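What follows is a short report on a single structure.
Residue numbers (this note's numbering), protein chains in the order written: chain A, 217 to 476; chain B, 217 to 476.
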């Protein structure tokens, strides 16, 4: 039940100063948990350390992992960030920082882990990485050049998180949190989505060039709901049942074609 | 009557990268007017230019003056920034960024000029400089280390200004309102849920006494997501496809049973 349960994930950061400045603003805002996914700049670079002012301990305790899914496996809520506004399907679940923070604070308050995910400097999160996120945060900016510096984007998101956190603390001074709907772990959700995707491909709901964006839309709308472990089981069961029908259909089809 | 009438004033900036990153985030947020008071780092430094990405024009047009009073002489509203919380007199007019932005927007809207003033990296604004400011903005941060990096503090203040600006534009009927995710009409959602239920009964995912509560769970989790019209169409399509498989399966089954 603290801001420490919100981790900051930088995917392939390439500029040392951005890692350092991220550590500093995490310290400013009361966060401690930094994860780097395949970093292209070092935690021990002189620039990293120089810009971390008072955030050195956060750098010392930072985790380095190979893939985004390793960084967020146990998270109930994964928020990506993106300046890109293109892509019809992607646009649906784009939220402003201030809009989503109450939800993030509620998860943290319920003892859940959550992650704020920032893409690489040059081109942000890939479509594949975006698909892994429950929501996509876009910082309101000028259309003529909406791409923020990485460390400044981190600062704005953590500032909004801190604001949301302080609103909650002011409303509820030190009270234990009320009962909350538990959210399934990211890894369990991910496994279910993989089963669902296979099933929907088997019945040719997903096929051709649009398959990816359709699956993306389904992931997003289900992710937005904040699935409980039981709901993840229900959807797994649904995927199995659809799959069974598709397989059975194939067998019957083969059988009927072999008949004279 | 535009964001251009809000200038950003950096007092004795000493780190070139901070000047560059300030220009970039000004460009991001739609501001153009940068003033440096006795800068200790150069507008033409390699680091300044490197971090300004797309904000070069702002650097080219930046003014350099000797004293803060020269920078803000024609301003109707001067907002200083400070992480320091001490000082009796100073404390009186300390505000959070979100608190003061409606006021700043109102001044700009009325055609007035205004300034956001940021002190030097090492120790912020002097008492003398603070006295020149109408209000002093403090960004909420952790007591253990509330001093933000200069360029990140600029980013947060300009982000709040932009938000305040967009709220005003949205409220003003003469302006196009900001983009929002539309939610599908209840009746359309209901029609889709009926199709989905039929399809799931057809593949025997729903059957027996538990069918009703399972369908209820699905409705509930999808409803929670706040489905868009497009998502309702996607789910309708999915229901049709599942239904097709179930019907086709039945036909094939009947066919195979009729075979000797």
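Even glycine gets a Cβ: it sits at the ideal position worked out from N, Cα and C. Everything numeric in this text was worked out from a predicted model, so none of it was measured.
Item, Value
"Using a Cβ-Cβ cut-off of less than 7 Å, give me the residues of the stretch 364-375 of chain B that come near chain A, in sequence order.", "364, 365, 367, 368, 371, 372, 375"
"Could you work out which residues of chain B lie near residue 245/A, taking near to mean beta carbons separated by less than 8 Å?", "357, 358"
"Quick check: what's the CA-CA separation for residue 268/B versus residue 280/B?", "17 Å"
"Compare the C-beta of residue 432/B with all C-beta atoms of chain A and state if any pair is closer than 7 Å.", "no"
"Using a Cβ-Cβ distance cut-off of 7 Å, determine whether residue 262/A contacts chain B.", "no"
"Closer than 8 Å by C-beta to residue 224/A: which residues in its own chain qualify, once you throw out the five before and the five after it? Chain order, please.", "238, 242, 247, 249, 250, 251, 331, 332, 334, 370, 374"
"What do you get for residue 439/B, buried or exposed, if any count of 16 or more other CB atoms within 10 angstroms of its CB means buried?", "exposed"
"Could you check if residue 474/B is buried or exposed, using at least 16 other CB atoms within 10 Å of its CB as the buried criterion?", "exposed"
"Give the DSSP bridge partners of residue 252/A, in chain order.", "226/A, 280/A"
"Hey, how far is the Cα of residue 318/A from the Cα of residue 452/B?", "31 Å"
"By how many angstroms is the C-alpha of residue 253/B removed from the C-alpha of residue 283/B?", "6 Å"
"Please confirm whether residue 274/B has its beta-carbon closer than 7 Å to some beta-carbon of chain A.", "no"
"Taking CB distances under 7 Å as the criterion, tell me whether residue 259/A reaches chain B.", "no"
"Give the DSSP-derived three-state secondary structure of residue 443/B in the structure shown.", "coil"
"Looking at chain A, is there any beta carbon in it that lies within less than 7 Å of the beta carbon of residue 454/B?", "yes"
"Give me, in chain order, the residues of the same chain whose beta-carbon lies closer than 7 Å to that of residue 469/A; leave out the 5 immediate sequence neighbours on both sides.", "none"
"Which term fits residue 484/B, buried or exposed, when burial requires 16 or more other beta carbons within 10 angstroms of its beta carbon?", "No statement about residue 484/B is possible, as the shown extent of chain B runs from 217 to 476 and does not include it."
"Give a yes or no on whether 7 Å exceeds the smallest Cβ distance from residue 421/A to chain B.", "yes"
"Closer than 9 Å by beta-carbon distance: list the chain A residues that pair up with residue 270/B, in chain order.", "360, 361, 363"
"So, with DSSP's three-state summary, where would you put residue 236/B?", "helix"
"Using DSSP's beta-bridge definition, name the partner residues of residue 421/A.", "DSSP lists no partner for residue 421/A."
"For residue 453/B, which three-state DSSP category applies?", "helix"
"Verify the CB distance criterion: does residue 437/A have a CB-CB separation below 7 Å to chain B?", "yes"
"Taking C-alpha atoms, which residue in 462/B, 287/B, 325/B, 383/B lies nearest to residue 416/B?", "462/B"
"Chain A partners of residue 440/B, CB-CB under 8 Å?", "440, 441, 442"
"If the cut-off is 8 Å on Cβ atoms, which residues from the stretch 223-250 of chain A count as contacting chain B, listed in chain order?", "233, 237, 240, 241, 243, 244, 245, 246"
"Taking the alpha carbon of residue 364/A as the point to measure from, which residue in 399/A, 290/A, 327/A, 297/A has its own alpha carbon closest?", "297/A"
"Just list the beta strand (DSSP E) runs in the stretch 304-351 of chain B, keeping only unbroken ones of 3 residues or longer that don't cross its boundaries, in chain order.", "330-334"
"How many Å lie between residue 403/A and residue 383/B at the Cα?", "38 Å"
"State buried or exposed for residue 357/B, treating a residue as buried only when at least 16 other CB atoms are found within 10 Å of its CB.", "buried"
"Ordered along the chain, which non-local residues of its own chain (more than five positions away) have a Cβ less than 6 Å from that of residue 240/A?", "268, 269, 271"
"Report the residue from 344/A, 387/A, 398/A, 472/A whose alpha carbon sits nearest the alpha carbon of residue 326/A.", "398/A"
"So, under 8 Å CB-CB, residue 328/A and residue 221/A are touching, yes? Tell me the CB distance rounded to an integer number of Å.", "7 Å"
"Can you list the residues of chain A that residue 414/B reaches, using a CB-CB cut of under 9 Å?", "Within 9 Å Cβ-Cβ: nothing; residue 414/B doesn't reach chain A, min ~14 Å."
"Just to confirm, are residue 448/B and residue 433/A a CB contact at a threshold of 7 Å?", "no"
"On the premise that residue 381/B lies in contact with residue 219/B, defined as a C-beta separation below 8 Å, what is that separation, rounded to the nearest angstrom?", "6 Å"
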